[in-house]
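With my numbering, the residue at position 86 of the sequence shown is 106, and numbering never jumps.
Don't be surprised by glycine CBs; every beta carbon is placed ideally from N, CA and C.
Values in this document were obtained by computation on a predicted structure and should not be read as measured data.
Note sheet for the following structure.
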Amino acid sequence: GLSSLLNRGIPDSGARYAASEVHPMALTREFWRANLTLWRDREGGLSLAVTTIFWGVGATLQFAVLRWASDRLGLPLDRSAYLQVAVAVGVVAGAAIAGRWVPLARARQMLWAGVVLGLMMPVVASTSQLATAVPLFCGVGMVGGLLVVPLNALLQHRGCVLLSAGRSIAVQGFNENASVLAMLAGYALFMARSIFRSSSRRRIFSRLSYFFFRRAPPNSNLILEFLVYSRSGMSVKCFSAEEPMSSLISLL
């Protein structure tokens with residue numbers, strides 16, 4: 021609704037395009053040719069690859085950040101979302117800087133921001149303090165804005181030259197959304213396998229523990245020692261055969 025009202029204020033460019041066929045097969049062939057045309061162009065393919073990967077990774081990291089904040093910083097879900105806000109603020113700032121000082125001719129020179137963005141990931145992952153994480157996430161967003169805005173402008177420019185504005189946006193939207201779906205599917209599969217393996221280890225460990233405890237002779241004072249790994253280090257837990265199984269399983 022609001023975007024439609026704002027679009028009414030855009031003056032007519034005067035560009036007129038030939039009518040497209042409406043048959044589904046013809047539309048599919050036309051779209052596929054437009055997709056190949058943009059990918060095969062040197063600047064168009066480069067900018068399309070960068071924006072496609074960027075938005076796919078960005079969508080996946082929105083979920084990964086929530087899990088990381090819970091595991092690493094011990095934050096609840098509502099407070100973990102503030103880290104996403106910090107990234108968004110950084111993206112807005114980076115986009116504003118790029119729009120003001122990066123001309124279209126220098127868009128390819130902003131690829132350095134992608135390298136910096138990759139190097140910042142392990143730095144962010146290694147932090148354990150919220151006060152440090154917030155400015156780091158803001159910096160990640162700023163670098164991301166500096167990267168994606170100039171290359172998105174380059175992509176729109178090449179798409180308008182090679183195809184048309186509408187076809188260029190359609191190709192870009194298709195590839196970016198396909199990237200988002202593929203990367204989120206991969207993340208979901210990874211998380212599902214991680215949960216399955218953790219559950220399997222719990223079952224195996226509890227069954228072995230049950231076997232040892234039940235086979236212990238009465239009043240034998242059998243003591244089992246387990247090495248327990250946690251974020252704070254390694255510790256040793258001791259359990260006797262007289263203790264309930266729930267206390268042992270709570271280790272897992």
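Item	Value
Boundaries (first-last residue) of the alpha helix (DSSP H) holding L137	W132 to S146
Nearest candidate by alpha-carbon position, reference W132, set Q192, P123, I117 and L166	L166
Per-residue burial, L183 [other beta carbons within 10 Å of its own, 16 or more giving buried]	buried
For A208 and A153, the rounded distance between their alpha carbons	25 Å
Which of helix, strand or coil DSSP assigns to E196	helix
Residue burial classification, V105 (beta-carbon count within 10 angstroms, cutoff 16)	exposed
A173 versus A127 - alpha carbon distance	8 Å
Cβ neighbours of G65 in the same chain (closer than 6 Å, five flanking residues each side left out)	W59
Which of helix, strand or coil DSSP assigns to S240	The predicted position of S240 is uncertain, since its pLDDT is 44 and thus under 50; a value taken from the coordinates is nonetheless stated next. In the structure shown, S240 sits in coil (DSSP, three-state: anything other than H, G, I, E or B).
Helix, strand or coil at I30 [DSSP, three-state]	coil
C-beta contact flag for A89 and M162 at 8 Å	no
Own chain residues within Cβ distance below 6 Å of V70, not counting five before or after	L171
Extent of the continuous alpha helix (DSSP H) run through R87	R62 to W88
When L139, D98 and F51 are compared against H43, the one with the closest alpha-carbon	F51
Continuous alpha helix (DSSP H) stretch holding S100: start and end	L97 to W121
Three-pair Cβ contact test at 8 Å for the stretch 178-193 versus the stretch 139-146	no
Buried or exposed (CB count within 10 angstroms, at least 16 for buried), A202	exposed
Range of the contiguous alpha helix (DSSP H) that encloses Q176	L150 to L182
For R36, three-class secondary structure by DSSP	coil
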